[in-house]
Amino acid sequence: MNAVAELQQTDMPAPINFSDSAAAKVAQLIEEEGNPDLKLRVFVQGGGCSGFQYGFTFDEIVNEDDTTMSKNGVQLLIDSMSYQYLVGAEIDYKDDLEGAQFVIKNPNATTTCGCGSSFSV
1 MNAVAELQQT DMPAPINFSD SAAAKVAQLI EEEGNPDLKL RVFVQGGGCS
51 GFQYGFTFDE IVNEDDTTMS KNGVQLLIDS MSYQYLVGAE IDYKDDLEGA
101 QFVIKNPNAT TTCGCGSSFS V
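What follows is the structure in structure tokens.
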């Protein structure tokens, strides 16, 4: 059983807050791709001006070490290495004067860069 399934059974809050607007945008993108088996993979990798950077990609495969979450019919995948950096984070989608983008608010990040896509812990 994965970590999220255990959390849901004990009525604890989900480790990642995946906003309604983010789920709606992902659902729209999946529909445009024409593949209902796609899931959103969120990951952290080395790089960026602050040491780590966030990444998003679509994936059809759930790996053994993935934590899975669902929101409004959209499935989110997080690998075990990335999970430790994302616990407590909020993934949102904003469409405003600055443009349309996914935004991660991460309480674990001690510093972030100006573009908001990289961080350090």
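Mapping of the sequence shown onto UniProt numbering: residues 1 to 121, in sequence order. We treat Cβ as the ideally placed atom computed from N, Cα and C, and that holds for glycine.
The beta strand (DSSP E) enclosing residue i, as first and last residue numbers
i: V74; result: V74 to I78
i: S70; result: T67 to K71
Residue i, DSSP secondary structure in three states
i: D95; result: strand
i: V44; result: strand
i: I30; result: helix
i: D59; result: strand
i: A24; result: helix
i: L7; result: Residue placement at L7 is poorly supported in this model, since its pLDDT is 41, which falls under 50; the coordinates still yield a value, given next. Residue state, collapsed to three classes: helix.
Distance between beta carbons of residue j and residue i, contact taken as under 8 Å
i: Y85; j: F52; result: 7 Å
i: E64; j: N17; result: Not confirmed; about 25 Å, so no contact.
Residue i CB to nearest heavy atom of the ligand ADP below 7 Å
i: R41; result: Absent from the structure shown: the ligand ADP. Ligands present: none.
CB contact flag (residue i, residue j, <8 Å)
i: V74; j: V26; result: yes
i: D92; j: A22; result: yes
i: N72; j: V87; result: no
i: residue 136; j: V103; result: The structure shown does not extend to residue 136, since the chain is modelled only from 1 through 121, so no value can be given for it.
i: F58; j: E32; result: no
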